[in-house]
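Going by this note's numbering, the first residue of the sequence shown is number 6, and it counts up by one from there. For every residue, glycine included, the Cβ atom is placed at its ideal position computed from N, Cα and C.
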Amino acid sequence: MEQLDKTLQTYFLDKAPKLPADIQKLIVQYGPFLVLIGVVFSVVGIVASFGFMSIGNPMRMFAGAYVGFMYQVYLLFSIVAAVLSALALPGLFNKKVMGWKYMWYNTILGVVANAITLNLAGLIIGGGLGFYILYQIKNHYK
Numbered sequence: 006m007e008q009l010d011k012t013l014q015t016y017f018l019d020k021a022p023k024l025p026a027d028i029q030k031l032i033v034q035y036g037p038f039l040v041l042i043g044v045v046f047s048v049v050g051i052v053a054s055f056g057f058m059s060i061g062n063p064m065r066m067f068a069g070a071y072v073g074f075m076y077q078v079y080l081l082f083s084i085v086a087a088v089l090s091a092l093a094l095p096g097l098f099n100k101k102v103m104g105w106k107y108m109w110y111n112t113i114l115g116v117v118a119n120a121i122t123l124n125l126a127g128l129i130i131g132g133g134l135g136f137y138i139l140y141q142i143k144n145h146y147k
């Protein structure tokens with residue numbers, strides 16, 4: 006992971022155009038609140054997904070096994086992403102590098118999830134934008 010971090014830092018921090026300092030501070034200051042809101046909505050969505058899954062089980066035989074499997078894969082990735090985001094919150098609020106690392110792992114998880122589910126737009130846009138923002142604000146976390 007260390008080598009991947011160095012490679013990504015080369016492209017998203019050293020070679021990429023820099024975000025203005027005021028934008029970086031804005032993201033660092035208000036980003037944890039957006040992550041908190043995202044965690045709350047994720048938990049609500051995950052609980053609702055379990056309900057939809059129980060209702061949809063009888064219908065699955067009409068839609069095919071692939072639909073049910075992909076639904077469960079998305080649900081699993083959503084649960085892990087919500088946990089990683091929740092673990093990142095104390096570090097993000099206190100500007101600790103561990104909070105930044107959890108968000109880095111969360112972005113890696115998103116890239117893997119998009120690759121497995123063949124969501125190429127999410128892979129390119131989500132991964133690229135996520136890593137760009139993360140590496141632009143990395144120096145604010147100690």
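Among I42, V102, P95 and V117, whose alpha-carbon lies nearest the alpha-carbon of L81?
Its Cα nearest to that of L81, the residue V117 stands out among I42, V102, P95 and V117.
What are the start and end residues of the alpha helix (DSSP H) that includes F55?
Bounds of the alpha helix (DSSP H) holding F55 are A26 to G61.
Contact check, S83 vs S47 under 8 Å by CB: the rounded distance?
S83 to S47, Cβ: 6 Å. Contact.
Identify which residue in G127, I129 and M108 has its Cα closest to the Cα of Y140.
Y140 has its Cα closest to that of M108, out of G127, I129 and M108.
Please report how far the alpha carbon of K11 lies from the alpha carbon of Y76, in whole angstroms.
The alpha-carbon atoms of K11 and Y76 are separated by roughly 34 Å.
Tell me the rounded alpha-carbon separation between Q34 and G135.
The alpha-carbon atoms of Q34 and G135 are separated by roughly 17 Å.
Along the alpha helix (DSSP H) that carries F136, what are the first and last residues, could you check?
Looking at the DSSP string, the run of the alpha helix (DSSP H) that includes F136 is G132 to I142.
How is L125 classed by DSSP in three states: helix, strand or coil?
Note: L125 maps to helix in three-state DSSP.
Determine the DSSP secondary structure at A93, reduced to helix, strand or coil.
Here A93 sits in helix by DSSP.
Beta-carbon within less than 6 Å of G104's beta-carbon, same chain only, minus the 5 sequence neighbours each way: which residues are those?
Around G104, the same chain offers A93, G96 and L97 as residues with beta carbons nearer than 6 Å, after the five sequence neighbours per side are excluded.
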